[in-house]
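Visitor: Below you will find the structure I want to go over with you.
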Amino acid sequence: MEPFTPTPEQSAIIFDTIDSGKSALVVAPPGTGKSRTAIEAARRKVAVLGDESRRQVLFLSFSNAAIHRLSSAAGVEISRRDRRRLRFMTYHSLAFDILRRYGRFVGLPPVVRVADKLEERLIGLELGWVQDEDVYEGQLTELAKAQGLLGFDLLIPLAESLLMASPLLQAVIGRRYPLIVVDEFQDTSEVQWSFLRTLGGQSQVIAFGDPNQIIYSSLHQATERRLNEFLAWRGISLTPFSGHNFRCSESGILDFAQCLLRGTAHVTKKDSGIQVFDAKYRPRLRAILAIIWKYVQDKVGHNQTIGFLAPSNSLVEQIATELRNPPRDSPIAFPVYVQMARDEAAYDAVILALAALKDMSHGPNELKCRKAAVALLAMNTSWNGRVKVKLGQVEKLAETLNSVKAGDGSPFGGLLGHLDTGSTVPEQVSTFAQVLSDQKEFKLTAGRILAHGQLGKNVVLPTDPQLSLFDNVRSTRIPKGLDGYDAWKGKTHILTYHKAKGREFDFVVMIVDPRGESTKPTLDEKRRLYYVCATRAKKWLGVVYFGDETGLVLGPVLAS
56 MEPFTPTPEQ SAIIFDTIDS GKSALVVAPP GTGKSRTAIE AARRKVAVLG
106 DESRRQVLFL SFSNAAIHRL SSAAGVEISR RDRRRLRFMT YHSLAFDILR
156 RYGRFVGLPP VVRVADKLEE RLIGLELGWV QDEDVYEGQL TELAKAQGLL
206 GFDLLIPLAE SLLMASPLLQ AVIGRRYPLI VVDEFQDTSE VQWSFLRTLG
256 GQSQVIAFGD PNQIIYSSLH QATERRLNEF LAWRGISLTP FSGHNFRCSE
306 SGILDFAQCL LRGTAHVTKK DSGIQVFDAK YRPRLRAILA IIWKYVQDKV
356 GHNQTIGFLA PSNSLVEQIA TELRNPPRDS PIAFPVYVQM ARDEAAYDAV
406 ILALAALKDM SHGPNELKCR KAAVALLAMN TSWNGRVKVK LGQVEKLAET
456 LNSVKAGDGS PFGGLLGHLD TGSTVPEQVS TFAQVLSDQK EFKLTAGRIL
506 AHGQLGKNVV LPTDPQLSLF DNVRSTRIPK GLDGYDAWKG KTHILTYHKA
556 KGREFDFVVM IVDPRGESTK PTLDEKRRLY YVCATRAKKW LGVVYFGDET
606 GLVLGPVLAS
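Residue numbers 56 to 615, in our numbering, belong to the letters of the sequence shown in order.
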């Protein structure tokens, strides 16, 4: 990494603010050094604290992606000794850490663990929980007190209740974390904001954000209020960053992004870091993507990344499939395996469902069939958010499965016969998904599973002989979403516009197809979404759009 020479604005935060002990709220566009300033401010705070090794700087964010970006930067910038003085956490992981240590004071058992969204689904289906929002929260609370299983939605409210009831604990937290750095403050929810105020009452707090990256219009007014509340809370004035952009090596990328945000025309110049491609028709997508991938690949150096951004999950999965199957006359001589933004819990749901069916293949009974029904329905809701499980659906599916015999000619019968072979569970994912694609209620889920490819490739299954395979997998799986995702190591990535927040790539290919976008968002909301996508690019931005219809956002920008 190049030597860091802070701007006067950054120096004021790194030195003056840290040394004074005052808090700050920094508002700045993407790439203007917010993350780097946060890291350097942490280094300064560690130096000021000296050898008080039990005192740490806490980096806090709503986003796993942002946490990992900051953590990675810290690994480069800060020595191993000082690195131990930093903690990178999401709001949820911090809340769980507090409850793990002190939860007994709010009626929790001595030992607690997290039930991620998949585990919540499994438990809810097993116990026949009512899905009404108010009733559901009460059911989660009872589960937490009885079994120490903490649902995600309970973590922050319970931790805040604990802190509010104990000024002494607030003082302990304040001493442990004398500086709290908040990343992407504009996306902090009301629940997280309330938690932060209780948590950071005795700490120095420096928050970084950008209102133009608040995608959802419904959150804009609340965010403006939250910014003002922060300033009043700490008795400070807003600190704006402006001027030089450190992320993009080409100024044309930022100019283009600003035009997207404002809805003004942009003149794309040669060698400006921007290229626009008219793909004409969706059927040409595979050929166009192959050409662009080859073009970008020729430019990509060692350890540089390519990000394909698309408006919907279905288009993301289509593009992944297209790149893995280049056309016969393609400039790509081999399939491209792209890294997709993955929901780790949804991946686990597939393995759990397969494990339950494999247990059935060794001799079905009523209990095995019910577990398989629960696992299949939990998997379906994990991959298809539109699915709602109806009352009695678990029992109905379990009854259907109980009537299936291996090799009886039915789709599930054929699958059970295949599962009874020596193949491992990960090797059977593709066959499993193919069978599900013939079932109306599972068709969308099966298509998405097939598009993700290599699912379960590196899964190592537990082998406790006292437990069924399903119970083995379930009891040993690690809750997902609490501590963040594994860093992607490949060069080529593909994800939706919304999942691009908090990430950056050397080269970005933005796929624009208004037909693949929701019609519900307002024009301003769409402009901010496009702006976020464009500013993910560090060196080059390619925009691929379909036909003459460029939509309400891209159309005005290309008008010239």
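Idealized CB from N, CA, C, for every residue including glycine.
Check this for me: beta carbons of F487 and L471, under 8 Å apart or not?
Guide: Against a cut-off of 8 Å, the Cβ pair of L471 and F487 comes out as no contact.
Visitor: Please list the terminal residues of the continuous beta strand (DSSP E) segment that includes G356.
Guide: From DSSP, G356 is part of no beta strand (DSSP E); its letter is neither H nor E.
Visitor: Are at least three pairs of beta-carbons, each pair with one atom in the stretch 363 to 383 and one in the stretch 417 to 436, less than 8 Å apart?
Guide: At 8 Å Cβ cutoff, the stretches do not touch.
Visitor: Just to confirm, is the Cβ distance from S258 to L223 under 8 Å?
Guide: Their beta carbons are not under 8 Å apart, which means S258 does not touch L223 by this criterion.
Visitor: In chain order, what residues of the same chain lie with their CB nearer than 7 Å to the CB of L209, ignoring the 5 residues before and after it?
Guide: Hits under 7 Å: L195, T196 and A199.
Visitor: Please classify Q257: does DSSP put it in a helix, a strand, or coil?
Guide: In the structure shown, Q257 sits in coil (DSSP, three-state: anything other than H, G, I, E or B).
Visitor: Measuring alpha carbon to alpha carbon, tell me which residue in Y600, T278 and P517 is nearest I533.
Guide: When only C-alpha atoms are compared, the closest one is P517.
Visitor: If S272 sits next to E559, beta carbons under 8 Å apart, how far is it from one beta carbon to the other, in whole angstroms?
Guide: About 25 Å separates the two Cβ atoms, so there is no contact after all.
Visitor: Can you confirm whether the stretch 570 to 585 touches the stretch 306 to 320 when touching is taken to mean that 3 or more C-beta pairs between the two stretches lie within less than 8 Å?
Guide: Yes: the two stretches touch, three or more of their Cβ pairs being nearer than 8 Å.
Visitor: Cα-Cα, which of V112, S244 and K535 is closest to E399?
Guide: Considering only alpha carbons, the answer is K535.
Visitor: Got a sec, what are the start and stop residues for the beta strand (DSSP E) A170 sits in?
Guide: From DSSP, the beta strand (DSSP E) with A170 extends over R168 to A170.
Visitor: For P165, collect the residues of the same chain with a Cβ closer than 7 Å to its Cβ; drop the 5 residues on either side in sequence, then sort them by chain order.
Guide: Same-chain partners within the cutoff: R159.
Visitor: For E461, collect the residues of the same chain with a Cβ closer than 7 Å to its Cβ; drop the 5 residues on either side in sequence, then sort them by chain order.
Guide: With the sequence shown as reference, residue 461 is identified as Ala, and Glu is not the correct amino acid for it. If we look at A461 and ignore the five residues flanking it on each side, its Cβ neighbours are S416, G468, L471, G472 and D475.
Visitor: What's the C-alpha gap between V608 and I347?
Guide: Rounded to the nearest angstrom, the two C-alpha atoms are 23 Å apart.
Visitor: Quick check on G130: does DSSP put it in helix, strand or coil?
Guide: Bear in mind that a pLDDT of 46 at G130, under 50, signals an unreliable position, so the number given afterwards is only what the model happens to contain. Note: G130 maps to helix in three-state DSSP.
Visitor: Could you tell me whether the Cβ atoms of L154 and L141 are closer together than 8 Å?
Guide: No, these two residues do not count as a Cβ contact at 8 Å.
Visitor: Could you pull out every residue in the same chain whose Cβ sits closer than 8 Å to the Cβ of G328, ignoring the five residues on either side in sequence?
Guide: Once the five neighbours on either side are set aside, the close Cβ partners of G328 are C303, S304, E305, S306, G307, I308, A592, K594, W595 and L596.
Visitor: Once you ignore the five residues that flank R109 on each side, which residues in its own chain have a CB closer than 8 Å to its CB?
Guide: Contacts found: R231.
Visitor: Which term fits G264, buried or exposed, when burial requires 16 or more other beta carbons within 10 angstroms of its beta carbon?
Guide: Label assigned to G264: buried.
Visitor: With 16 as the cutoff for other CB atoms within 10 Å, does F240 come out buried or exposed?
Guide: F240 should be labelled buried.
Visitor: Taking the straight line between their C-alpha atoms, what separation do you get for A83 and G179?
Guide: Rounded to whole angstroms, A83 to G179 spans 43 Å at the Cα level.
Visitor: N358: buried (16+ other C-beta within 10 angstroms of its C-beta) or exposed?
Guide: Looking at its Cβ environment, which holds fewer than 16 other Cβ atoms inside 10 Å, N358 is exposed.
Visitor: Is the beta carbon of F70 less than 8 Å from the beta carbon of R99?
Guide: Yes, the pair counts as a contact, with Cβ atoms nearer than the cut-off.
Visitor: Using the rule of at least 16 other Cβ atoms within 10 Å of the residue's Cβ for burial, across every protein chain shown, is Y600 buried or exposed?
Guide: That one is buried.
Visitor: Considering only the alpha carbon of each residue, which of N439, R441, C424 and L499 lies closest to L452?
Guide: Of the listed residues, the one whose Cα sits closest to L452 is C424.
Visitor: Report the rounded CA-to-CA distance for A411 versus V429, giving the unit in angstroms.
Guide: Straight-line Cα distance between these residues: approximately 9 Å.
Visitor: Give the secondary structure of R142 by DSSP, where H, G and I count as helix, E and B as strand, and everything else as coil.
Guide: Correct three-state label for R142: strand.
Visitor: Tell whether a beta-carbon distance below 8 Å holds between S148 and L537.
Guide: Contact flag set, yes.
Visitor: Using the three-state DSSP reduction, which class does V442 fall into: helix, strand or coil?
Guide: Coil, per DSSP.
Visitor: What's the gap between the Cα of T455 and the Cα of L204?
Guide: The straight-line gap from Cα to Cα measures roughly 31 Å.
Visitor: For V351 and V237, I'd like the C-alpha separation in whole angstroms.
Guide: Taking the straight line from one Cα to the other gives about 35 Å.
Visitor: Do you know how far the Cα of K172 is from the Cα of Q186?
Guide: Going from the Cα of Q186 to the Cα of K172 covers about 14 Å.
Visitor: Are V371 and I228 closer than 8 Å when you measure CB to CB?
Guide: No. Outside cutoff.
Visitor: Do you know offhand how far A79's Cα is from W288's?
Guide: Cα-Cα distance, rounded: 11 Å.
Visitor: Tell me which same chain residues have a C-beta within less than 7 Å of the C-beta of P466, skipping the five on either side of it?
Guide: Cβ within range, chain order: V490, D493 and Q494.
Visitor: How many angstroms separate the CA atom of T531 from the CA atom of A404?
Guide: For T531 and A404, the distance between alpha carbons rounds to 13 Å.
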